[in-house]
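Enquirer: At position 376 of the sequence shown (counting the first as 1) the number is 377 in the numbering used here, and the numbers step up by one without a gap.
Backbone N, C-alpha and C fix where the C-beta goes; we use that ideal spot for every residue, glycine too.
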Amino acid sequence: MNEHLSASNGIRPRIFQLLKLLLLLLYAVTASAAPLPGYNVDINTTSVSGVSSGGYMALQFGTAHSDIVSGVGVFAGGPYRCAADGVNAALGPCMQGQPDPLQAIAEIETAAANGSIAAPSNLLRQQVWLFSGYKDGVVRQSVMNSLYDAVTHYVPHTQVYYQDTLGTGHAMITQQYGAECSLTDAPFINDCDYDGAGLLLQHLYGKLTAPVAGVSAGEIIAFDQSAFTAQDSRSIGLAKQGYLYVPQACAQQQSCRVHVVFHGCRQNADEVDDAFYRNAGYNQWADNNGIIILYPQTQATRTGPFNPRGCWDWWGYSGADFAYRNGAQIHAVRNMLKQLSQSYRPTESISPAKPPALLAIDATATSVSLVWNPGRNRSGYQLYRATDNSDRFEPVNLNPVNGNSYVDRGLSPATAYRYRLGFITDTGEELASDTTTITTRSPVASCDPYYSNNITHVSAGRAQVWFGLTFARGSWDYMGLWSLFSETALFRDGDGFQVGVCDTGKK
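Take a look at the structure:
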């Protein structure tokens, strides 16, 4: 009898615990994310960036809303409306080929004439940052080369920085988080000892305060995305929940800016949890520089629309107007920005009294990225350059620069350069006493990478099938099953192909 009572008393607490757990699970399923708050941000200083499909979306959003977007960053994307003809164009020339930049220019001019996007004249003021790893076999460097040609039709070359000399795979490129640099694999965040987010943000905004060390002090907020769509968010490929990183100063309604980050395919929170919106590298820079980071989210769908990898729409699955202002996804993100700026209070911008400080932050084989902080009562800036073994500084720019970043082009590879900044005031030009030095990189190594499923590799002639198994053409390297679900990285080796990534001896 006592044993029976003891057992009953033990069962009852476990039942209550189980019921409590079920209630918590039910709450987690039914509870919706909080509404998106409003902050003291000027929507006209918005900047955007993205990776892969997110890179395409960042370019589309920055083109459609060039009246409010001051800067655009693209990791492994392509030209505007490159895949307007549909998914076959997306999988073919817009990822693996060399799209015609003149076609992108024609698309922009037509869209502007129809009133579908803001006037292209706004693009003249944008700062643009582009990145393509030469070991990227998903969106090949030839596609990004076409993007550069299309962008510089509108944006001055000195405002467009294109890093194309690093041997990275298809991924978000970070200083110290993620997979091995040359790989292409989920969650598509690679540790390349290269601060992609920080270099991008500084090119767009000018020299920033150094990022926080360790854990960021701001807050990640989940918010309800469905409030910003005219129809069911799933029907246009958007998740119900998005994310926001808010520095403490911005939460206290101090004046801040907004940077929108579009993740890539298979990088949404449903797929990789918080890996992207926590570790892509943006949040650490946001803290000390008053930048709110908006991470809108897609979701994978197989019916209405067919988007099984949760990509942003850059080929028209949400509608033919996918790259225009009234495109469903672009319109939703624009509505998010409108809400974020609800508490904006216009104030006179006061630049710091200290002199501008020039910094050379990155280099390719033939260009250098220069940034500086704004100074008070400056009407423009003049840059001067000398080779490292010379004290003779020559002017770099013909006309004064009004922004806080500049791309010096036409340089020699593997050469050290020194720079000095001049700032123009009401009384004339003053030269900063400090200089900054940087060495350009070596020329790009030869590399011909491919990354796709094994059926595509076979149909493209890069592999062959034997009894349902796939082998690289030429080397006979084993690639796994002949299946859409078996993905392989290949590189060209003479007339054939090998499994892996190009071994160029460079990172």
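#1: Can you look up S54 in the DSSP assignment and give me helix, strand or coil?
#2: Any idea which residues DSSP pairs T428 with across the strands?
#3: Between the Cα of G404 and those of F424, G501 and L295, spot the shortest distance and give me the residue it belongs to.
#4: Could you tell me which residues DSSP pairs with P383 in its beta bridges?
#5: Between V70 and G63, how many whole angstroms is the CB-CB distance? I'm expecting something under 8 angstroms.
#6: Under 8 angstroms, do T365 and Q127 count as touching if we go by C-beta distance?
#7: Counting only the same chain and skipping the five closest in sequence on each side, list residues whose C-beta sits under 8 angstroms from that of A8.
#8: Please list, in chain order, all residues of the same chain as V156 whose beta carbon is under 6 angstroms from its beta carbon, the five residues on each side excluded.
#9: Does the Cβ of T175 have 16 or more other Cβ atoms within 10 Å, making it buried, or fewer, making it exposed?
#10: If you compare alpha carbons, which of A198, T416 and Q254 is closest to H260?
#11: Spatial neighbours of R379 within its chain, please: C-beta separation below 6 angstroms, excluding the five flanking residues on both sides.
#12: Compare the C-alpha of N89 against each of T111, G317, Q226 and A119 and name the closest.
#13: Just the Cα atoms here: how many angstroms apart are Y195 and N289?
#14: Looking only at its chain, what residues have a beta carbon closer than 6 angstroms to the beta carbon of R141, apart from the 5 residues adjacent to it on each side?
#15: Which residues mark the beginning and the end of the alpha helix (DSSP H) in which R279 is found?
#16: Output needed for S476: all residues of its chain with C-beta closer than 8 angstroms, excluding positions within five of it in sequence on either side, in chain order.
#17: The beta strand (DSSP E) that contains V75, what's its start and end?
#18: Along the chain, where does the beta strand (DSSP E) that runs through Q499 open and close?
#19: When the Cα atoms are used, what is the spatial distance from K241 to A433?
#20: With burial defined as no fewer than 16 other Cβ atoms inside 10 Å of the residue's Cβ, what is the status of F132: buried or exposed?
#21: Which complete alpha helix (DSSP H) runs does the region 136-205 hold, if anything under 4 residues is left out?
#22: Less than 8 angstroms between the beta carbons of V42 and Y278, yes or no?
#23: Please list the terminal residues of the continuous alpha helix (DSSP H) segment that includes Q249.
#24: Spatial neighbours of I44 within its chain, please: CB distance less than 8 angstroms, with the 5 preceding and 5 following residues excluded, ordered by chain position.
Expert: Answer, in terms of the structure:
#1: Residue numbering aside, residue 54 sits at position 53 when the sequence shown is read from its first letter. The answer is helix: DSSP assigns S54 an H, G or I state.
#2: Here residue 428 refers to the residue found at position 427 of the sequence shown. For T428, which the question treats as bridged, DSSP gives no partner whatsoever.
#3: Indexing the sequence shown from 1 puts residue 404 at position 403. That would be F424, whose Cα lies nearest to the Cα of G404.
#4: Residue 383 sits at position 382 when you count from the first residue of the sequence shown. One detail in the question is off: residue 383 reads as Gln in this sequence, not Pro. DSSP lists G423 as partners of Q383.
#5: Along the sequence shown, one-based indexing puts residue 70 at 69. Along the sequence shown, one-based indexing puts residue 63 at 62. That pair is a contact at about 4 angstroms.
#6: One-based indexing of the sequence shown puts residue 365 at position 364. One-based indexing of the sequence shown puts residue 127 at position 126. No, they are not a contact pair.
#7: Taking the first residue of the sequence shown as 1, we reach residue 8 at position 7. Because the pLDDT at A8 is just 38, under 50, the model does not fix this residue reliably, and the value given afterwards should be weighed accordingly. Excluding residues within five positions, none has a Cβ falling inside 8 angstroms.
#8: Sequence index remark: in the sequence shown, residue 156 carries index 155 (1-based). Closer than 6 angstroms at the Cβ level, and outside the excluded window around V156, lie L124, Q127 and V129.
#9: Against the sequence shown, residue 175 aligns to sequence position 174. Under this definition T175 is a buried residue.
#10: Residue mapping note: residue 260 aligns to position 259 of the sequence shown, counting from 1. Nearest of A198, T416 and Q254 to H260, Cα basis: A198.
#11: Counting from 1 along the sequence shown, the entry for residue 379 is found at position 378. Taken in chain order, the residues that qualify are F424.
#12: Taking the sequence shown and counting its residues from 1, the one referred to as residue 89 is at position 88. Closest option to N89, Cα to Cα, is G317.
#13: Position 194 of the sequence shown, counting from 1, holds the residue named residue 195. Position 288 of the sequence shown, counting from 1, holds the residue named residue 289. Looking at the two C-alpha atoms, the distance is approximately 20 angstroms.
#14: As a working note, residue 141 is residue 140 in the sequence shown. Cβ neighbours of R141 beyond the five flanking positions: Q97.
#15: To locate residue 279, count along the sequence shown from 1; it is residue 278. Membership of R279 in the alpha helix (DSSP H) is indicated by the continuous run A276 to N280.
#16: Along the sequence shown, one-based indexing puts residue 476 at 475. Taken in chain order, the residues that qualify are D494, G497, F498, Q499 and V500.
#17: Position 74 of the sequence shown, counted from the first residue, corresponds to residue 75. Note, V75: beta strand (DSSP E), V70 to F76.
#18: For the purposes of this step, residue 499 is taken as the residue at position 498 of the sequence shown. Run containing Q499: G497 to V500, per the beta strand (DSSP E) assignment.
#19: For the purposes of this step, residue 241 is taken as the residue at position 240 of the sequence shown. For the purposes of this step, residue 433 is taken as the residue at position 432 of the sequence shown. Each residue's alpha carbon lies about 51 angstroms from the other.
#20: For the purposes of this step, residue 132 is taken as residue 131 along the sequence shown, with counting starting at 1. Counting of Cβ neighbours within 10 angstroms places F132 among the buried residues, the total reaching 16 or more.
#21: 142-152
#22: Start at 1 with the first residue of the sequence shown, and residue 42 comes out as number 41. Start at 1 with the first residue of the sequence shown, and residue 278 comes out as number 277. Not in contact: V42 and Y278 (Cβ atoms no closer than 8 angstroms).
#23: Position 248 of the sequence shown, counting from 1, holds the residue named residue 249. Looking at the DSSP string, the run of the alpha helix (DSSP H) that includes Q249 is Q249 to A252.
#24: Start at 1 with the first residue of the sequence shown, and residue 44 comes out as number 43. Taking C-beta separations shorter than 8 angstroms and ignoring five residues to either side along the sequence, the partners of I44 in its chain run I69, V259, L338, K339, L341, S342 and Y345, following chain order.
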